[in-house]
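**Student:** Residue numbers (mature numbering (1 follows the signal peptide of the UniProt record, and there is no 0)): -20 to -1, 1 to 342. Quick reminder that beta carbons are idealized off the backbone N, C-alpha and C, glycines included.
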Amino acid sequence: MKKGCFILLFAFLLCSAAFAAQPGAETGLFEIPPAWQQTMDEAPLTAQEFRSMSLRDLWDFFSSQLKGTVQAPIRLAARLAGILVLAGVVKSLCSEKALSGLGTSFDIIVAVSVFLLCSPLLLQMIQDLKASLENCRTYLAVFIPVFTSVMVSCGQAGTAAVYGGLFLGFANLIAALLCNFGVPILQLLLVLNACGIMETPVDFSALTRGIAKWGRWLLTFCATVFGTLLTLQSVFAQSTDTLALKTGKFLLSSSIPVVGKAVSDAMGSVLAGVKLLKGSVGFAAILIIALTFLPLIIKCVVSQFLFFIGEIIAGATGNATCGKLLRGMTDYLQLQLAMVVFFSFVVVSTTVLMILLGNGSA
């Protein structure tokens, strides 16, 4: 008799605690842990606000966040076009005899002027890339333990171990490699591109193009390998978590008389609320990472397009040296864009995968 009363009392307390912890706007009984709330507050936009935003609202939000991103490349493009057009006009006004006397000196002078004009923006983009990687690395060191605690609360202990172990180590490794090796390679490409202006036995332009091509291929290969490995480990871990959760709910509903089913259902409601919070916390991180790297991505894309237009103008004005220089700058920007997209894709796609895993399980 005493044993039965004790079981009923324990079931009543467990059921009451479960219902009290059930999240809801009307009840106000669910208290979000401070670390979770702080992570969501750091984002400039919540998941609920994002769902209710129209296309115009989204445009206004992102345009306000990215205001001034393309101003520097556009100003540079105007100056670049002015130099190339002016050089073309000067060449057209000079006689063939004067041009043959100058040889390639005039084209080299124009190319050096273009390089000195464009190099400050490119060097600043390298510094922005390094600073963004360091900031993201610091943020992930704080965010990942918070997000893994949310996943453990959702009954995804195995998946949380994958996210907090494999992904955290790989993200730190990527950031360190890009800062210590990727940034120097970008600086080396700028130097090689500048050397390509001069007529030398070594074709530095082809060397720059080859390094950029193989660098992009290596980044694509690493992203594919890591994505496959992380997805397989996460799926296997989620299968184990789902089995453990269903087993626990079955034992709870079958071992506690009368109210076992109610307690099991209450646990399901609590888990559903925590999974909703998991999506909100993950969305905050995704938005912060996106806003960290999106300006640099847009600047790289816009600069590539403008340098491509400059290459066309250089070809139209008969300055092959300057066209080769601008083509090398385009290759450099493609490699930098690949680095930015690679790191941001790994972080964002992995976080999205962790949000989606387990949402369909009871």
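1) When DSSP labels each residue in this structure, what does Glu114 get in the three-state scheme?
2) With three or more beta-carbon pairs closer than 8 Å as the criterion, would you say the stretch 21 to 33 touches the stretch 59 to 68?
3) Rounded to whole angstroms, what is the Cα-Cα separation between Leu146 and Leu315?
4) Would you tell me roughly how many angstroms separate the C-alpha atoms of Cys137 and Phe41, rounded to the nearest one?
5) Assess, as a yes-or-no matter, whether the stretch 255 to 269 is touched by the stretch 85 to 98 under the definition of 3 or more beta carbon pairs within less than 8 Å.
6) I need the straight-line Cα distance from Gly190 to Phe184, nearest angstrom please.
7) For the alpha helix (DSSP H) that Thr19 lies in, which residues bound it at each end?
8) Tell me the DSSP secondary structure of Thr7 in three-state form.
9) Let's see if you can read the secondary structure: which residues bound the alpha helix (DSSP H) around Thr331?
10) Considering only C-alpha positions, which residue in the set Thr310, Gly48, Val130 and Ala141 is nearest to Pro275?
11) For the alpha helix (DSSP H) that Cys175 lies in, which residues bound it at each end?
12) Within 10 angstroms of its Cβ, does residue 366 collect 16 or more other Cβ (buried), or is it exposed?
13) Does the beta-carbon of Ser324 have 16 or more other beta-carbons within 10 angstroms, so that it is buried, or is it exposed?
14) Is it true that the CB of Val254 sits closer than 9 Å to the CB of Ser133?
15) In whole angstroms, what separates the C-alpha of Ser329 from that of Glu179?
16) Check Pro275 in the structure and name its three-state DSSP category.
17) Within this structure, are the beta carbons of Thr19 and Val126 separated by less than 9 Å?
18) Can the beta-carbon of Leu305 be found closer than 9 Å to that of Ala203?
19) With 16 other CB atoms within 10 Å as the buried threshold, where does Asp311 fall?
20) Does the beta-carbon of Ser72 have 16 or more other beta-carbons within 10 angstroms, so that it is buried, or is it exposed?
21) Please classify Asp183: does DSSP put it in a helix, a strand, or coil?
22) How many Å lie between Tyr119 and Leu153 at the Cα?
**Tutor:** Result, derived from the coordinates:
1) On the sequence shown, position 134 is the one that residue 114 refers to. Helix, per DSSP.
2) no
3) Residue numbering aside, residue 146 sits at position 166 when the sequence shown is read from its first letter. Residue numbering aside, residue 315 sits at position 335 when the sequence shown is read from its first letter. So the two alpha carbons sit approximately 26 Å from each other.
4) Here residue 137 refers to the residue found at position 157 of the sequence shown. Here residue 41 refers to the residue found at position 61 of the sequence shown. Reading off the sequence, residue 137 comes out as Ala, not Cys. Approximately 36 Å between the Cα atoms of the pair.
5) no
6) As a first step, residue 190 must be located in the sequence shown, where it is residue number 210. As a first step, residue 184 must be located in the sequence shown, where it is residue number 204. Going from the Cα of Gly190 to the Cα of Phe184 covers about 10 Å.
7) Residue 19 sits at position 39 when you count from the first residue of the sequence shown. Segment Pro14 to Glu22, the alpha helix (DSSP H) holding Thr19.
8) To locate residue 7, count along the sequence shown from 1; it is residue 27. Only weak support exists for where Thr7 lies, its pLDDT of 35 falling under 50; the value from the coordinates is given anyway. Coil at Thr7, not helix or strand.
9) Within the sequence shown, residue 331 is the residue found at index 351, counting from 1. From DSSP, the alpha helix (DSSP H) with Thr331 extends over Ala300 to Leu336.
10) Numbered from 1 along the sequence shown, position 295 holds the residue referred to as residue 275. Ranking Thr310, Gly48, Val130 and Ala141 by Cα distance to Pro275 puts Gly48 first.
11) Start at 1 with the first residue of the sequence shown, and residue 175 comes out as number 195. That run of the alpha helix (DSSP H) goes Val163 to Cys175.
12) Given a span of -20 to 342 for the chain in the structure shown, any question on residue 366 remains unanswerable.
13) Taking the sequence shown and counting its residues from 1, one reaches residue 324 at position 344. Buried, by the Cβ-count rule.
14) Your numbering for residue 133 matches position 153 in the sequence shown. Your numbering for residue 254 matches position 274 in the sequence shown. Contact: yes.
15) Taking the first residue of the sequence shown as position 1, residue 329 is located at position 349. Taking the first residue of the sequence shown as position 1, residue 179 is located at position 199. Cα to Cα, Ser329 sits roughly 45 Å from Glu179.
16) Taking the first residue of the sequence shown as 1, we reach residue 275 at position 295. Of the three classes helix, strand and coil, the one that applies to Pro275 here is helix, per DSSP.
17) Residue mapping note: residue 19 aligns to position 39 of the sequence shown, counting from 1. Residue mapping note: residue 126 aligns to position 146 of the sequence shown, counting from 1. Closer than 9 Å, so yes.
18) Taking the first residue of the sequence shown as position 1, residue 305 is located at position 325. Taking the first residue of the sequence shown as position 1, residue 203 is located at position 223. Not a contact, by the Cβ cut-off of 9 Å.
19) Within the sequence shown, the letter at position 331 stands for residue 311. Flag for Asp311 reads buried.
20) Residue 72 sits at position 92 when you count from the first residue of the sequence shown. Exposed, by the Cβ-count rule.
21) Here residue 183 refers to the residue found at position 203 of the sequence shown. DSSP places Asp183 in coil when its eight states are reduced to three.
22) Counting from one through the sequence shown, the residue named residue 119 turns up at place 139. Counting from one through the sequence shown, the residue named residue 153 turns up at place 173. Distance between the alpha carbons of Tyr119 and Leu153: 15 Å.
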